[in-house]
Structures are given as structure tokens and as C-alpha cells.
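Numbering (our numbering), first residue to last: 1 to 99.
Put into C-alpha cells, the structure is as follows:
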């Protein structure tokens, strides 16, 4: 079980802190050492639309990070995030059908 203020590492050793846990959502904040930089807030919300379950991901930051201020780093982060989300989406679609 996780609780607000818990800290853990995500895939690839990316440290995060749990900020909030809701009925249908989870919000985390990136910590120093995270590939996206410190201070990024990411909310995962589960929704149902047209008979399908959806995972909605929102992200924002309090201030620019060293990575977001550099074009090449920012583009690499967006590409890496897109690949990671594709893997997560495929994994969720398989496990959802299995459940």
C-alpha cells in the first residue's frame, strides 16, 4: 500500500513522492535524480468513456527544470515519455483483458 508522502523509485530508478491518492486518481511529484527533473507533478486519473476504461495523465511543473530549458533534452524527454507511455498502455490493455 502507498500513502501520501511515501517516496519510491519508478521504472528506471526515477524517484517520486506520492502527493495525493483519490478514489480514481494518484498524483506524484518527481524528486532530485528523476529523468524529468525535480518538481514535476503527474496525476493519473482513471475514467470511463463510451464503455471503455481510460487512463488520463496530466503533468505540470512549478518552474522550468534544467532539462526543459534545453531543446535537445526536452525533445529527448518527450520522446522517452511517449515510448514509456506506449509500453504502459500496452501492458494495461493486456492486463485489463486478463482481469
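For every residue, glycine included, the Cβ atom is placed at its ideal position computed from N, Cα and C.
- In the three-state scheme derived from DSSP, where H, G and I count as helix and E and B as strand, residue 48 is classed as strand.
- 54 is the residue among 35, 54, 75 whose C-alpha sits nearest the C-alpha of residue 45.
- Only buried fits residue 40, as 16 or more other CB atoms lie within 10 angstroms of its CB.
- Here residue 16 is buried, its C-beta having at least 16 other C-beta atoms within 10 Å.
- With respect to the 9 Å criterion, residue 35 and residue 77 are classified as neighbours on the basis of their beta carbons.
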